[in-house]
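Asks: Protein chains in written order, with full-length UniProt numbering: chain P, 1 to 382; chain U, 1 to 392.
Laid out in C-alpha cells, this is it:
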C-alpha cells in the first residue's frame, strides 16, 4: 500500500503543471473559452508533444503505455487551473473505449492520431431523456451492405462539434454496439453550443449516417461502456480534486486579504471554521480518488471492483465538490457569483463534472443495492 | 502508487489478526463486541497478554518494550485490535504518560515506571482538565508549592476517566503563578491516588455509567522526585502527549464493527412489513456512512504513510474530527434501527424481552457525544486546521 507518486510521475506532474499554468490564468481562460472550440488548440498540441494525449494507450497503438496514476496526475493539473482542454473526455473516455474494444487496426488508426493531437476523438453516448445509462436506446444502428448506418440524436456530446471522429453508441439487436463515425460523414449534423462551465457540447443528429463497427462482432458492448465510464469517472475525480484545491486556496487567500468591519475576514471564526470543513472534505475526497485509481490500475481488480471503486469516487466527489464549490462562493460573497472573478468558475466546472457521468445520489443508489452482500468495505484487498 | 499491502505487511496483518482472535479470551472480546462495560480485571488481563507478546506498547522506544514498526504496521496493529474487539491497551498508560516518561523522564523514573506502566501493574489516570480549564487547558489553577523536599498540591481536576481504578495520577499543576505566559508556569507531577489529601467523586453520565470523576487535592504532599522532566515545562509535555492522543483516535476499526452490527440488526427488525435492511432509505444511509468511513480509513492510511518522522501530522486533526463524527453517526444509526426497542435501555436481563444490542444502543449513543469533545474538541481541531494548515 503506497499513496505516493514516484520520481518519474512527479516529473510528469511538474511538466504538465508548468505547461498548463503558463497557458492559463483566469483571464486567459475566459478569453479562450469565449470562442469555439472552447479550448486552446495550441495547448492541446503542446500536450500532445509532451506525450500526455497518448498516456494510457499501449505503445503498439501509438501511446505511452502509462497507467491511470499518470492519467490522474494530468487530470488534477487540468482541474487546478480549469484548463478547458477535453483530456478526460477525449483521451480517457473515448480513447479508453477504442483501446478496450477496437481491433488492432482501429486502435492504431484512431489512437495514434489522437495521441499526436491531429485527431480529436470523442464519445457520443448521452441521449436526451435517458440519464447515466451504459446502453443506447434512441440512436439505432442498421446493417447496410458491408457496413452500418446510424440514426437518432445524441446530446449533450462534449466537444461534439469540434471532434474529428465520434465513437457512437447505438442500439443493435441484442444490446448496444459501438461505432466509429467520421466528422465528414454524410447525414451527420452537429449543433455545438457553449455550456455553463465554458466547455462546448453539441447535439449530434445522425440520419442514415455511415458508420464502422468498433471491435469484432456485434456482442453487447454495454459492459465495456460501463467500465470506460467508470475509469473516466475516476479521472474526473482527480480533475475535481485539482479544482477543489484551487477553490479552497483562493478562498483562504481571500479570507486573509479581504477586510470588513476594519479587520480581515479571517478574524471571523464563523468563516474560518467553514474553511476548515472544506479542507476536511478535500482531504477525504483526495484519498478516495487516489484509492480508486489504484483499484483501476491493479492487475487483479475484477470489473466489479473497478465499478464499485468508481461509484465510491463519484459519491465522494459529488459531496465534496458541492460542499467546497458552494462554500467557496459564499465565503467570497457577491464577487464569487461574478464571471469576472475566478472562484465561481470552479464551482461551475465541479457542477458539470458531477453531472457528466453519474452524480452522487445515482452512485449511492448503486452502492446501496449491494450493502447487505458483504460485511465491511475492504480498503486494502487481501 | 500501490494498492496492495507488501507481502511483509500482509503477513504482519495476518499475524496480528490471528493473535488477537485466538489469544485474547473470547469472553472479553464478546463483552467489548456487545458494548458491555469492560471491568478493570478484563482490561488488566488483556493488556498483560498483549504485553507478554510485545504488543502492548509497540510505539515506545525499543529498550522499553517498543517495536521497530513502521507507521503503517502500527496502524494495522490498532485496526486489527479494534476489528477483533480487543480492549486496547489503556490509553493513559500506553499513549499518554508512558511516552512522556520515555521521552522526558529521568533514568530512575523510566526504570521505576515504564515496565509497570506497559504491563498495567500501575493503572494511570489523567489530571488535566479543571472546572474552569477545558479547551483552554493552560488556564488550569491547581497549584503545587515547593515545601522542603515536597510539592504541596491544592486544587481540583475533572473528567478523570476511570480514576476509580487508578493507582497513580499524572497531573498538570501550576508551579509558577507569576510566569508571563500562562503556559510557562505549568509542571507535570505524578503521585499515587491513595496519597493523603486526594479524594475522588464519581460523575454519573447520561448512560447511567460512572467512567469519569472529579479529583480533589487538599495539601497533597508529593516528593520532589515525582516531577517529570523540568519544572515549568509541563505544557510542552502536555502538547506532546495530546499529539499522541490524537493518533489512532479515528477508530475506524471500531466504527466498522458498529456498521456490520447495524446491518445485521436491520435484517432482524421488521418495518413496513419487510426487513428494515430492505428499506431503500436505510440502505442509502448505510451506503453513505460506509463511503465516509472508507474515505476516513484511506486518509488515515495516507497520514501514517506520510509521517515517517514520527511527528504528529496536522492532518491528524482531520482524523479526530471525522473519526468522532462517524463514530457518532454509527451509534445514532444503531438507535434508529432499534427504534422503540431502544426505550428498554436500563432494563435488566430478567425483566425484558428486548435484545441486549437494542438496550445498549441509546446509552452508547448518548455516551458517544463525548468523542467530539475529548482529545481536543472538534472546534479545537477546526481551529488547528484553519490556523496551522490554511494559515487563517
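Virtual Cβ for every residue (Gly too), placed ideally from N, Cα, C.
1) Pull up the distance between the alpha-carbon of residue 146 (chain P) and that of residue 178 (chain P), whole angstroms please.
2) For a cutoff of 9 Å on Cβ pairs, would you count residue 291 (chain P) as touching chain U?
3) Taking CB distances under 9 Å as the criterion, tell me whether residue 77 (chain P) reaches chain B.
4) List the DSSP bridge partners of residue 188 (chain U).
5) Are any of the Cβ atoms in chain U nearer than 9 Å to that of residue 372 (chain P)?
6) At a Cβ threshold of 9 Å, is residue 9 (chain U) touching chain P?
7) Determine whether the Cβ of residue 71 (chain U) lies closer than 9 Å to any Cβ atom of chain P.
8) Tell me the DSSP secondary structure of residue 123 (chain P) in three-state form.
9) Is residue 271 (chain U) helix, strand or coil when you go by DSSP?
10) Just the C-alpha distance for residue 202 (chain U) and residue 376 (chain U), rounded to the nearest angstrom, thanks.
11) Cβ atoms of residue 195 (chain P) and residue 156 (chain P): under 9 Å apart, would you say?
12) Hey, residue 232 (chain U) and residue 175 (chain U) are a contact pair by Cβ (cut 8 Å); roughly how many whole angstroms apart?
13) Can you pull the chain U neighbours of residue 254 (chain P), defined as C-beta to C-beta under 8 Å?
14) For residue 368 (chain P), which three-state DSSP category applies?
15) Taking all protein chains shown into account, do 16 or more other C-beta atoms lie within 10 angstroms of the C-beta of residue 10 (chain P), making it buried, or fewer, making it exposed?
16) Report buried or exposed for residue 345 (chain U), applying the criterion of at least 16 other Cβ atoms within 10 angstroms of its Cβ.
17) Check whether the Cβ of residue 381 (chain P) lies closer than 9 Å to any Cβ atom in chain U.
18) For residue 353 (chain P), which residues from the same chain have a beta carbon less than 6 Å from its beta carbon, with the 5 sequence-adjacent residues on both sides left out?
19) Measuring alpha carbon to alpha carbon, tell me which of P:321, P:234, P:57 and P:148 ends up nearest residue 348 (chain P).
20) Quick check: what's the CA-CA separation for residue 218 (chain P) versus residue 64 (chain P)?
21) DSSP on residue 35 (chain P), reduced to helix/strand/coil?
22) For residue 113 (chain P), name the three-state secondary structure that DSSP assigns.
23) Quick one: complete alpha helix (DSSP H) runs, 4+ long, within the stretch 84 to 149 of chain U?
24) Restricting to Cα atoms, I'd like to know which of U:38, U:387, U:180 and U:237 is closest to residue 162 (chain U).
25) What residues of chain U sit near residue 283 (chain P), judged by a beta carbon separation below 7 Å?
26) Given this structure, state the Cα-to-Cα distance separating residue 314 (chain U) from residue 249 (chain P), to the nearest angstrom.
27) To the nearest angstrom, report how far apart residue 84 (chain P) and residue 77 (chain P) are at their CA atoms.
28) I want to verify the contact list: residues of chain U whose CB lies under 7 Å from the CB of residue 375 (chain P), in sequence order.
29) Suppose contacts are defined by Cβ-Cβ distances below 9 Å. Is residue 79 (chain P) in contact with residue 336 (chain P) by that definition?
30) Below 8 Å between beta carbons is the criterion; list the residues of the stretch 276 to 301 of chain U that meet it against any residue of chain P, in chain order.
31) Just curious, the beta strand (DSSP E) that residue 137 (chain P) is in, first and last residue?
32) Measuring alpha carbon to alpha carbon, tell me which of U:263, U:338 and U:319 ends up nearest residue 375 (chain P).
33) Taking only three categories from DSSP, how would you classify residue 237 (chain U)?
34) DSSP three-state call for residue 43 (chain U): helix, strand or coil?
35) Can you check whether the CB of residue 317 (chain P) is closer than 9 Å to the CB of residue 199 (chain P)?
36) Output yes if chain P places a C-beta closer than 9 Å to the C-beta of residue 78 (chain U); else output no.
Replies: According to the structure shown:
1) Their backbone Cα atoms lie some 16 Å apart in a straight line.
2) Closer than 9 Å to some Cβ of chain U, the Cβ of residue 291 (chain P) qualifies, so yes.
3) No chain B is present in this structure, whose protein chains are P and U.
4) Under DSSP, residue 188 (chain U) shares a beta bridge with U:172 and U:228.
5) Closer than 9 Å to some Cβ of chain U, the Cβ of residue 372 (chain P) qualifies, so yes.
6) Taking Cβ atoms only, chain P reaches closer than 9 Å to residue 9 (chain U), which makes this a yes.
7) Chain P, which has no Cβ nearer than 9 Å to the Cβ of residue 71 (chain U), makes this no.
8) Here residue 123 (chain P) sits in strand by DSSP.
9) In the structure shown, residue 271 (chain U) sits in a strand (DSSP, three-state: E or B).
10) Separation of residue 202 (chain U) and residue 376 (chain U) (C-alpha to C-alpha, rounded to the nearest whole angstrom) is 22 Å.
11) A contact, by the Cβ cut-off of 9 Å.
12) Rounded, the Cβ-Cβ distance is 6 Å, consistent with contact.
13) Neighbours of residue 254 (chain P) on chain U: none; closest Cβ ~11 Å, over 8 Å.
14) Here residue 368 (chain P) sits in helix by DSSP.
15) With fewer than 16 Cβ atoms within 10 Å of its Cβ, residue 10 (chain P) is classed as exposed.
16) Classification of residue 345 (chain U): buried, given that the 10 Å Cβ count is 16 or more.
17) For residue 381 (chain P), the answer is yes, since a Cβ of chain U falls inside 9 Å of its Cβ.
18) The beta carbon of residue 353 (chain P) sits closer than 6 Å to the beta carbons of 236 and 240 from its chain, once the five residues preceding and following it are set aside; these are given in chain order.
19) If we check each option's Cα against that of residue 348 (chain P), P:321 comes out closest.
20) Approximately 29 Å between the Cα atoms of the pair.
21) Residue 35 (chain P) carries a coil assignment under DSSP once its states are collapsed to helix, strand and coil.
22) Three-state DSSP puts residue 113 (chain P) in a helix.
23) Complete alpha helix (DSSP H) runs here, min 4: 98 to 104 and 107 to 118.
24) Ranked by Cα distance from residue 162 (chain U), the options U:38, U:387, U:180 and U:237 are led by U:38.
25) Within chain U, the residues near residue 283 (chain P) are 299, 315 and 318.
26) Residue 314 (chain U) and residue 249 (chain P): Cα-Cα distance of roughly 17 Å.
27) In this structure, the CA atom of residue 84 (chain P) is about 11 Å from the CA atom of residue 77 (chain P).
28) Going along chain U in sequence order, the residues near residue 375 (chain P) (Cβ under 7 Å) are 260.
29) The beta carbons of residue 79 (chain P) and residue 336 (chain P) sit no closer together than 9 Å.
30) Listed by position along the chain: 277, 280, 283, 284, 286, 287, 288, 290, 291, 292, 293, 294, 295, 296, 297, 298, 299 and 301.
31) Going by DSSP, residue 137 (chain P) is part of no beta strand (DSSP E) at all; its letter is neither H nor E.
32) If we check each option's Cα against that of residue 375 (chain P), U:263 comes out closest.
33) Helix.
34) Three-state result, residue 43 (chain U): helix.
35) No.
36) It does not; no Cβ of chain P falls within 9 Å.
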